[in-house]
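The next block holds one structure in the form of structure tokens; read it before the comments.
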Amino acid sequence: MSKPVSICVIGSGYVGLVAAVCFAEIGHQVTCVDNDEEKVKVLGEGGVPIFERYLPELLAKHRGRGVVFTSDLSAAVEQSEAVFIAVGTPQGDTGAADLSYVEAVVSEIARSINAYKVIVEKSTVPVYTNEWIRRVLHRHGVKPQNFDVVSNPEFLREGTAIMDFLHPDRIVVGANSERAAEVLRRIYDPLTGGSYYDQPYALPGRCGTSVPAKLLVTSAQSAEIIKHASNAFLALKISFINAVANLAETVDADIVDIAAGMGMDSRIGPRFLRAGLGYGGSCFPKDVAAFHWVAQQQGVDFQLLQEVSKVNETQKEVFFNKVRAALWTLPGKRLAALGLAFKGGTDDIRDSPAIDVIKKLIEAGATVAAYDPAAMDRAREVLPASERMIYATNIYEAAQDADAVLILTDWREFAEIDLTRLNQVVRFPIVIDGRNLYKPQAMLDHGFTYVSVGRPPCYQAQEGKPRKLMV
Ligand code: UGA
């Protein structure tokens, strides 16, 4: 593989930690910095703070060798050629990203620059952040010949973050200087040149020696916008299919068939057309709002983005109304909630539609028995266990004596339920599926009334379809 680069990654959240271990995996020497001493200690001693496939293995392999953890930012910056900023950019009151962590880190970096460094923004940031970082470094007296600032947005998804990093669709480098672009090319060379994929230990995936990763060099501003626009576009795809799903329901059409038919057009593509409860997580809701704010600041009327958020919020209401329509009244009803995470494969509950729906159901007087394969500890922090919020240890315990079973997160485990057993434990065989994990006919055959998203509801023959007025 090419010559290793000494890299410092500041921030050990999802993006920082995954980037740090993956840079080590492709042969670089990495120092990962966090100002949370406790976290640094846990990481140094073998802890794995987040639920992410392959992360425990890669941490075990590289900890103390290719990656070291520290809270000493100055020393880490001094010994590194490239400094990646991967700190949080939470949503502020106006919808804009709060960049105060980025600014604080940049001021600290400025004090430690002793030779030429490439400062790389990896956090999701609005356009011109690159410019601001350059300005702040300049104000702190760093000489222009001692640094360049590059934007290198991250496109990883939670749950598949390691594979997304090592087998990316694309790597985007926004650099206004050729010298800095060259450092980034060297860093990613094992992926773009393909040498990583030749290693016996390489995790197999979409890329390989003959189809290596692609790297696109753009201006800093373009790279910043690529990140926001990509997330906003994916969110738009989801809101679009959800709006179509609501229409499909009114005419007894089937959104799964509609999405399949649309997705077969190679210009549209089949991905991110799964109708359901809407998107959540730490990225889409925040990034759609932040991108809208950016447009507003520039005097551009990008109302489409507001609509994307609006459809997404409405989708939870639509689901709540389906639960009410199926159960008539909610006070005193017992509901099994399958899923708490914002999507399957993660323990993350930030902006999770499942949590919002559960809160609403409890407010409306129902009792909820929830189960999630990974997110229960985190959920307990926002939805403490109580008489009306029960945490179950498996699907069937959650479903015991339930008036209805709600599927709120697309965990694989929830698509493979033993339906005969489920039917035996529930009080009434009603499944309301916010993620379309089942074929309606299969549910009918197992004796369930089945309500899903964008597909005709299926009622057991003796029950009959409720009239609209009952909603
Ligand atoms: C998203 C992007 O997919 C990543 O490319 C990006 O790097 C990341 O945000 C980020 O900015 O850090 P992530 O939030 O991990 O990744 O999750 P996704 O897999 O994109 O799902 C987001 C939400 O959309 C989930 O709630 C999911 O259930 C929902 N979704 C996704 C749908 O409702 N329908 C779909 O067809 C796809």
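Numbering (our numbering), first residue to last: 120 to 590. Note that CB positions come from ideal geometry on N, CA and C, so glycine has one too.
Item	Value
Return the CA-CA distance between residue 260 and residue 182, expressed in angstroms with no decimal places.	35 Å
Measure from the C-beta of residue 245 to each C-beta in chain D and report whether the shortest distance is under 7 Å.	In the displayed structure, chain D is absent; only one protein chain is listed.
Which of the three DSSP states is assigned to residue 510 in this structure?	strand
Where does residue 508 land, buried or exposed, given buried means 16+ other C-beta within 10 angstroms?	buried
To the nearest whole angstrom, what separates the beta carbons of residue 127 and residue 195, a pair I think is in contact under 8 Å?	4 Å
Using a threshold of 7 Å, state whether the C-beta atoms of residue 338 and residue 293 are closer than that.	yes
Report the residue from 526, 580, 426, 411 whose alpha carbon sits nearest the alpha carbon of residue 456.	526
With a cut-off of 8 Å on the beta carbons, I'd call residue 287 and residue 146 a contact; round off their distance for me.	Not quite, the Cβ-Cβ distance comes to about 17 Å (not below 8 Å), so this is no contact.
Which complete beta strand (DSSP E) runs does the segment 150-191 hold, if anything under 3 residues is left out?	186-189
Suppose the cutoff is 7 Å on Cβ atoms and the five residues either side in sequence are ignored; what does the same chain contact list for residue 161 look like?	168
Do residue 399 and the ligand UGA come close, with the Cβ less than 6 Å from some heavy atom?	yes
For residue 562, which of 400, 549, 164, 153 has the nearest alpha-carbon?	549
If you count every other CB in all the chains shown that lies within 10 Å of the CB of residue 152, and 16 or more means buried, which is it?	buried
Is the beta carbon of residue 494 closer than 7 Å to that of residue 454?	no
So, with DSSP's three-state summary, where would you put residue 410?	helix
In angstroms, rounded to a whole number, what distance separates the CA positions of residue 264 and residue 238?	13 Å
Between which two residues does the beta strand (DSSP E) containing residue 568 stretch?	568-570
Looking at C-beta atoms only, is the number of pairs between the segment 220-228 and the segment 401-417 that lie closer than 8 Å three or more?	no
Pick helix, strand or coil for residue 219, following the three-state DSSP scheme.	helix
Going by the CB atoms, is the gap between residue 551 and residue 407 shorter than 7 Å?	no
Taking 6 Å as the cut-off, is the beta-carbon of residue 671 closer than that to any non-hydrogen atom of the ligand UGA?	Examination of residue 671 is not possible in this model, given that the chain is present from 120 through 590 alone.
Given a threshold of 16 other Cβ atoms within 10 Å of its Cβ, counted over all protein chains shown, does residue 352 qualify as buried or as exposed?	exposed
Check residue 546 in the structure and name its three-state DSSP category.	coil
Residue 499 to residue 477, Cα distance in whole Å?	12 Å
Determine the burial state of residue 510: buried for a count of at least 16 other Cβ atoms within 10 Å of its Cβ, exposed for fewer.	buried
Over the uninterrupted beta strand (DSSP E) stretch that includes residue 129, give me the two end residues.	125-129
At the level of alpha carbons, what is the spacing between residue 131 and residue 574?	42 Å
Which of helix, strand or coil does DSSP assign to residue 481?	helix
What residues are listed by DSSP as bridge partners for residue 577?	569
Specify the secondary structure class of residue 468 as computed by DSSP and reduced to three states.	coil
Confirm the yes/no value for this check: CB of residue 232, any heavy atom of the ligand UGA, distance under 6 Å.	no
How many angstroms separate the CA atom of residue 560 from the CA atom of residue 390?	24 Å
Decide if residue 434 is buried, meaning its Cβ has at least 16 other Cβ atoms within 10 Å, or exposed.	buried
On the CB-based measure, 16 or more other CB atoms within 10 Å of its CB, does residue 219 come out buried or exposed?	exposed
If contacts are defined as beta-carbon pairs under 8 Å, then residue 342 and residue 291 qualify, I think. What distance do you get, rounded to the angstrom?	5 Å
From what residue to what residue does the alpha helix (DSSP H) around residue 341 run?	339-369
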